[in-house]
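Enquirer:
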Amino acid sequence: MWKPEHRLAADRGGLRYPSDLNDAEWILIAPLIPPARRGGRRRSVNVREILNAIFYVLSTGCQWQALPKDLPPKSTAHFYFMLWDWDGTLERIHDTLYVAMREAAGREASPTVAIIDSQSAKASQKGALRLIRKASTRARRSRAASATSSSTPSASCSA
Numbered sequence: 124m125w126k127p128e129h130r131l132a133a134d135r136g137g138l139r140y141p142s143d144l145n146d147a148e149w150i151l152i153a154p155l156i157p158p159a160r161r162g163g164r165r166r167s168v169n170v171r172e173i174l175n176a177i178f179y180v181l182s183t184g185c186q187w188q189a190l191p192k193d194l195p196p197k198s199t200a201h202f203y204f205m206l207w208d209w210d211g212t213l214e215r216i217h218d219t220l221y222v223a224m225r226e227a228a229g230r231e232a233s234p235t236v237a238i239i240d241s242q243s244a245k246a247s248q249k250g251a252l253r254l255i256r257k258a259s260t261r262a263r264r265s266r267a268a269s270a271t272s273s274s275t276p277s278a279s280c281s282a
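Residue numbers for the sequence shown follow my numbering, beginning at 124 and rising by one.
1) With 16 as the cutoff for other CB atoms within 10 Å, does Ile239 come out buried or exposed?
2) Since Ala176 and Leu194 are thought to touch, with beta carbons under 8 Å apart, how far apart are those beta carbons, to the nearest angstrom?
3) Which runs of the alpha helix (DSSP H) spanning at least 4 residues fall entirely within the segment 156-244, listed in chain order?
4) Taking the straight line between their C-alpha atoms, what separation do you get for Gly211 and Phe204?
5) With DSSP as the reference, label Asp143 as helix, strand or coil.
6) Can you list, in chain order, the residues of its chain with a C-beta nearer than 6 Å to that of Phe178? Leave out the 5 residues immediately preceding and following it.
7) Please report the Cβ distance between Leu174 and Ala223, rounded to the nearest whole angstrom; I am assuming they are in contact, meaning their Cβ atoms lie under 8 Å.
8) Quick check on this structure: which residue in Tyr221, Glu214 and Glu172 has the alpha carbon closest to the alpha carbon of Thr199?
9) Spatial neighbours of Leu213 within its chain, please: C-beta separation below 7 Å, excluding the five flanking residues on both sides.
10) Using only the alpha-carbon positions, how far apart do Ala237 and Tyr221 sit?
11) Does Leu151 come out as helix, strand or coil in the three-state DSSP assignment?
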């Protein structure tokens, strides 16, 4: 049930975009950001703004090319997105924010109940969505493998 304290905690009105990190969230995840590589140039980008750009794309579903101009360049944001996805940083950030939000809402850190609808139950019986699609569609043969679909007469029939 939404209570006034929950609405206050969920209010993102003071931010530039609703997907931006607020100060409390940034304090939680700043230690999770890997340091810049040793050697070479110093990191010149604002890592918080990079995260804001990544969260903007993830929350709006827009293309990287459609990032607003007040966020870092799309190439920089995408580079860090791919790097942090590869090394697990994004997963650690997600887990940290997820646990913090559940605890702030007065819940346990991990859910104790799961709800499965009938569609999920059907999907889990066969293993995965990809396998369901494969099992429910007929196998297709190529035209080259089919003797009846050839548009030119075969050599044995031309005599």
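The beta carbon of each residue, even a glycine, is placed where N, CA and C say it ideally should be.
In this text the structure is predicted, and so the values were computed from the model without any measurement.
Expert: So, from the listed chains and residues:
1) Within the sequence shown, numbered from 1, the residue matching residue 239 stands at position 116. Exposed, since its Cβ has fewer than 16 Cβ neighbours within 10 Å.
2) On the sequence shown, position 53 is the one that residue 176 refers to. On the sequence shown, position 71 is the one that residue 194 refers to. With a contact defined as Cβ atoms closer than 8 Å, Ala176 and Leu194 qualify at about 4 Å.
3) Whole alpha helix (DSSP H) segments, 4+ residues: 170-183, 197-210 and 212-227.
4) As a working note, residue 211 is residue 88 in the sequence shown. As a working note, residue 204 is residue 81 in the sequence shown. Here the alpha carbon of Gly211 sits roughly 10 Å from the alpha carbon of Phe204.
5) One-based indexing of the sequence shown puts residue 143 at position 20. If DSSP states are grouped into helix, strand and coil, Asp143 belongs with coil.
6) Residue numbering aside, residue 178 sits at position 55 when the sequence shown is read from its first letter. Shown here for Phe178: same chain residues with a beta carbon closer than 6 Å to its own, the five before and five after excluded, namely Ser142 in chain order.
7) Along the sequence shown, one-based indexing puts residue 174 at 51. Along the sequence shown, one-based indexing puts residue 223 at 100. With 8 Å as the limit, Leu174 and Ala223 do not qualify as a contact, their Cβ atoms being about 15 Å apart.
8) Mapped onto the sequence shown, residue 199 falls at position 76. Of Tyr221, Glu214 and Glu172, the smallest CA-CA separation from Thr199 is found for Glu172.
9) One-based indexing of the sequence shown puts residue 213 at position 90. Here the set comprises Trp207.
10) In the sequence shown, the residue the question calls residue 237 occupies position 114. In the sequence shown, the residue the question calls residue 221 occupies position 98. The alpha-carbon separation between Ala237 and Tyr221 amounts to approximately 16 Å.
11) Within the sequence shown, residue 151 is the residue found at index 28, counting from 1. Note: Leu151 maps to helix in three-state DSSP.
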